[in-house]
Amino acid sequence: MPKSQFVDPKKAFESGVIRFTDIPVCRYNKTLEEEKALYTKDDFMRIYRDMAIIREFETMLNEVKVKSEYNGVKYNNPGPAHLSIGQEASAVGEAYCLDINDYSFGSHRSHGEILAKGLSSIHKLGDQELYDIMKEFLDGSVLNVVEKHMNAGGNVKELAINFLLYGALAEIFARTTGFNRGLGGSMHAFFIPFGLMPNNAIVGASAPIALGAALYKRANHKPGIVVSNCGDGATGRGPVLESFNFASMDQITKLWGMEGRYSDAGMPILFNIFNNHYGMGGQTRGETMGFDMAARLGAGFNPDQMHAERVNGYDPLAVIDAVSRKKQLLLEGKGPALLDVVTYRVSGHSPSDSSTYRTQEEIEAWKAADPIVAFRKKLVGGAIAAEDEFDALHEQITNRMTEIMKLAINDEISPRMDLNKDPDAIASIMFSNQKVVSMDPSREAEMLMPKEECPRVKDIAGKVRKATDANGKPVSKMKMYNICDGLFEPIIDKFYDDPTLIAYGEDNRDWGGAFGVYKKMTEAVPYHRFFNAPISESAIVGSAVGYAMCGGRAIVELMYADFIGCAGDEIFNQMAKWQAMSAGILKMPIILRVSVGSKYGAQHSQDWTALTAHIPGLKVVFPASPADAKGLMTSALDGTDPVIFFESQRIYGIGEQFLPDGVPTGHYEVKLGDPDVKKTGKDVTILTIGAVLYRALEAAKTLEEKYGISAEIIDARSIVPFDYSKVIESVKKTGRILIVGDACERGSVMKEMAANIQEFAFDYLDAPAVALGSRNWITPAHELEEAFFPYPDAIIDAIHEKLIPIPGYVPTHNFSDLEKIERAKKGV
Amino acid sequence: MAQVVIMPRQGQSVESCVITEWKKKVGDKVAVKDVLFSYETDKSSFDELSETEGTLLAVFAEEGDDVECLRPVCVIGNEGEDISSLIPKDGEAEAQTASEPADQASGDAAASAAPVREAEATGSASADGRLKISPRARHLAERTDADLSRAVPTGPNGRIIERDVNLLLDRGWTNADKAAQTEKTAEAAPAAAAAAAAPAAPTDGFTDVKLSNVRKVIARSMHASLAEMAQLTLHSSFDATQMLAYRALLKANAEKLGMNNITLNDIILYGVARTLPLFRDLNAHYLGDRDMIRYFDTVNLGVAVDTDRGLLVPTVFGADKLSLNDLAGEARTVIAAAQKGQISPDKLKGATFTVTNLGSMGIESFTPVINPPQTGILGVGCVTYRLKADGSTYPAMGLSLTFDHRALDGAPAARFLKALCDNLTEFNMLLAK
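Laid out in structure tokens, this is it:
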């Protein structure tokens, strides 16, 4: 909470009522004659054409799914097809208002939006620019197909329509000539050069991502607005509601301006609900939701009620009327906005939908109101075009679609990825592995003061960068450079080096982060680059994903690692997957900081490295010393991949004990994936993950002094990627290895590493590689933690019982096979 | 009251001794100073004399057993005395424990940690007859031909681990050794068994004798020396006229002056001890596994001695600080102890350079083998007569210097040999230095 705002108890208890303004419901009532002032015949016909193209495209997909044939061409498509037949007017009406700079995000049911936005952009782009975009995209591999095999009559826009339809269809059919080399597929197709952003197979997942795109525009002063499309069913999801709130939060207009120094505009985002009445089969109005009309939601989020409005989505002109008004509000800085666009999905949720949840009568009633038929009737009735013009248009569209389909299913022209020939084709795009110091070198970073004046930078300058002074005496806590400082240094540097860098999370700004990593950073970084997020983990991580998709770099924080679950989809499906799903087109320079607690019981003390390491596409690190914290943060910040950055609350205050000259000043990198030998030894290797390093060192001391066993200690530092070579070398020498971490043992990274080391160094082992983690329990209270986490005695016990029995040693833990089998049987 | 006799610790580095022979049987009367049993370390053998009188009531180790130092070996007391409290608890029971899976009962991990005390293994084969052994230990055993049937598993779950194989090797228990033993047993087998065997190759004409511990140690050490070092030998000789004259003088007057009998070998030891400090590369240990060479401030001279038990090399410590007379005295003491087989194991190590003399057997020159980790050894040959340019002859004594080329090069080694020859040629001058 900023001190500038006074929480006055008198005001807090003041009596009164909350007043709402009316939310308009389907108020559009202009006649065609009135609209003629706004649209030319071409405009009207283009609106019609775009709706007809979408309808035909989806009809084709439906026929292929249901009959394995379209217009005499046979094909079997095993992939998904979530169609939106009936919703064309909503999609085209919205896209009609959007420019190239305006981004639209959608859902699993977004073929219509993709095509509508693509067609709108093709119309708005100049021929040369349009051609260049197509030529450059994936080295012209999409364009080549349509240029070579289809006749566009020398018309670039016609060529571009072929390009759009072919690129989307080849993507749906998983061809390398698709927009994302077939790696995204039906539910994820996108084409950024047309402002057509990634669509999402997770219901509602696009909302925080779109929010992040709006944040990118807002924080980097980029033109245009962002439209976040979702269905009415998605409004039941937390990430969507979190995004409504995040976009509406007061600070954007009240604090980010910093008394006129920066913009105080609202978030430029339109949350557009394509309200087709069903979330799969669940009826929102009347069954699964209580809002009666989705537009009512706006009233819950800010005094502007998000400018919410309900419009007739079966009339493209009504949609255009509403979207253009909302866009105007956003451009005036009055965002966010909310539209409830009433429409209907005549087609099933998917081709396997037998419509058990609705009557045939209902479907027929909506078919009778078909928006395309109605619009044609309107245009014919208004003497804008004759019936035969429409017939000719339909014939042309059907022919075009047939031609496109033939191309897209031709294995020669549109091959699939050959993973036999190129087995690493997907592996090579899981990470982008680039080093990019600034995501936008053309701009100066907006900061409030020169770096050397930043109070925290000054504080650190006076600190001792080692745990001990020149005489070997421990440095006092106040004077010692610690892990918080190691994290802070590269972050503040990056704020000055990369104008796109933003940082946010819960209690980041004035508090300085719950554990003080950002202490006294508030003074140096403007609000729009560094702020307190609402307690909305999904929106925090999801928005970072959208921010990165647009070309920015973000460092977001979830406070406790235990909150990873609150942002599960955003971490596991969004942050992790988009680089590869985009065939390497997108970069994902995000650092997600999470802190592993202790003393705080079952929901605040968990090391969840294994959860994140399990998901392909995430890098995972866990430094345990100030120098490693600095080095890994530097490398992560310079990189272009998503990094889950684990920290430990046990050791934030610890000083540097390993580098003899202390933590290096200036730029210091530690390569991700490179473990570090913290102590050499010859009898047993202990590989540690995170804060347990210091307990392992203690154990090593006892082993050496009391039992004459010399332990080599390696700090893993990184988990993904991980270079095993140093560990294998060590095991070749010692013949024995124990892998220790604070995570619960079952399914842990320690177990994974033990299994790998056993494979890689089997012939050198004198005993199986042994993993030691915490018990498979809830974390008990602090006073009982010694029975739960691995402490030095448990480490020695494990070595004694599993690796090399120590003469005369009496263990206190039971690590025998019998006991472990029994525990496994009980699931504990 | 019955007395327990323990295995004495012969020198700080000795951890266990092998009982070679029992001189008394259970039930025999024992007088003070009676020999109870003989035992040996790797390098020396000893007799254990009784300190009490009584009857030998129990023995805890057989001939051939390797007994940890300070462990009970036998009990002497009065006949019929209850000695149950004196019988070591960890004998039979422990050997048995080691062969069982450690986790048969929960919380018995301590039992699985039982240190190796029993010489004879019960083996580590599990119930299904499979050998439980770690990959690392198996590799080591394959490489070294260790006899796994005699391994005592000390790893978790009764698994043979690396240290168990190392123990076999320390004892020289290889498959080859076992084969030799088996052959011998077969020979000694009853005639019936021999008759049952198919026409066997004639076994007369040779005798297989099990290697003594000393032999095994020498074999391993010498083989390792030649296998691992880069050794080469330089030969030279010096004019021994002055030395022989000096020796004759000493011999004539030693008794009168109350001095030791100073031999030619002592004179050469003296020459070496006084020359070496200027050539530190040869007064050194080469520690290749640590990429290090260790130079010594004093000369600890190893003296190769031919004994009944084989070659032993006792050490004369601080030889460079001793007078010729003291050096001769000390050398005589350690040589005599070595020959009697009663030298302390601590005096069989620590040498920084070695001298070996085969001159008395008419050997003119030879290529002595370095005692690792030393970097050189001097071989002393006999005196031969050589012609001078003028036709006269002089007594020439041969010297052969083997050095480790890893530690030093040929030229510095040659310079040492030349300096040594010069010093011995002008021995009177050396004495004055």
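One line per chain: the protein sequences are A and B, in this order. Each residue of the first sequence is one higher than the last, beginning at 1 in the numbering used here. Each residue of the second sequence is one higher than the last, beginning at 829 in the numbering used here. Each residue gets a CB set at the ideal place from its N, CA and C atoms; glycine is no exception.
Three-state secondary structure (DSSP) of residue i
i       : result
A/Y694  : helix
A/S543  : helix
A/T59   : helix
A/F244  : helix
B/G1103 : In the sequence on display, residue 1103 of chain B carries Thr and not Gly. Three-state DSSP puts B/T1103 in a helix.
B/P1223 : strand
A/Y75   : coil
A/A554  : strand
B/N1081 : helix
A/W578  : helix
A/I97   : For clarity, residue 97 of chain A is Cys in the given sequence; the question names Ile instead. Of the three classes helix, strand and coil, the one that applies to A/C97 here is coil, per DSSP.
A/V17   : coil
B/S927  : Its pLDDT being 35, under 50, B/S927 is placed unreliably in this model, and the coordinates cannot settle the point.
B/Q932  : In this prediction, B/Q932 scores a pLDDT of 39, lower than 50, which makes its location untrustworthy; the coordinate-derived value is nonetheless stated afterwards. Correct three-state label for B/Q932: helix.
B/D992  : helix
A/Y527  : helix
Cβ distance (whole Å) where residue i is taken to contact residue j below 8 Å
i       : j       : result
A/A116  : A/D50   : 6 Å
A/L330  : A/S543  : About 17 Å; that fails the 8 Å criterion.
B/A1058 : B/D1237 : That pair is no contact at about 11 Å.
A/P24   : A/R296  : Not confirmed; about 12 Å, so no contact.
A/P490  : A/L637  : 6 Å
A/A52   : A/I320  : Not really, about 17 Å apart at Cβ, beyond 8 Å.
Through-space distance from residue j to residue i, alpha-carbon basis
i       : j       : result
B/D1148 : B/Y1098 : 8 Å
B/S878  : B/A1166 : 24 Å
A/G512  : A/K124  : 46 Å
A/P811  : A/A794  : 8 Å
A/Y216  : A/M559  : 23 Å
A/N573  : A/L448  : 36 Å
A/S186  : A/V64   : 14 Å
A/Q758  : A/S725  : 13 Å
B/V1133 : B/L1139 : 6 Å
B/N1268 : A/L672  : Lying before the first or after the last residue shown, residue 1268 of chain B is absent from chain B, which here runs from 829 to 1261.
B/C1249 : B/S1220 : 20 Å
A/R285  : A/D715  : 56 Å
A/H667  : A/K825  : 51 Å
A/K473  : A/D628  : 22 Å
A/E829  : A/M150  : Since the first residue shown for chain A is 1 and the last is 828, residue 829 of chain A is missing from the structure and cannot be characterised.
A/G313  : A/K619  : 43 Å
A/A576  : A/K587  : 11 Å
B/N1251 : B/M1257 : 7 Å
A/I122  : A/K599  : 59 Å
A/Y527  : A/I540  : 16 Å
Range of the contiguous alpha helix (DSSP H) that encloses residue i
i       : result
A/E309  : A/E309 -> not in any alpha helix (DSSP H); beta strand (DSSP E) instead, spanning 309-312.
A/V834  : Past the edges of chain A, shown from 1 to 828, lies residue 834 of chain A, and the structure says nothing about it.
B/R1243 : 1238-1253
B/A889  : Element bounds for B/A889: n/a, residue is neither H nor E.
Range of the contiguous beta strand (DSSP E) that encloses residue i
i       : result
B/H1113 : 1112-1115
B/D1134 : 1133-1135
A/A853  : Any question about residue 853 of chain A goes unanswered here, given that chain A covers just 1 to 828.
Distance cut-off 7 Å: residue i Cβ against heavy atoms of the ligand MG
i      : result
A/M750 : Here there are no bound small molecules, and the ligand MG is not part of this structure.
>> Residues of the segment 794-809 of chain A in Cβ contact with chain B at a cutoff of 9 Å, in chain order, please.
In response: D797, H800, E801, K802, L803, I804, P805, I806, P807, G808, Y809
> What residues in the segment 763-779 of chain A bring their beta carbon closer than 7 Å to a beta carbon of chain B?
Replying inline: D763, Y764, L765, D766, A767
>> Give me the subset of the segment 710-744 of chain A whose CB atoms are less than 8 Å from a CB atom of chain B, sorted by chain position.
In response: G735
>> What are the residues in the segment 989-1004 of chain B lying within 7 Å of chain A by C-beta distance?
In response: I989, E990
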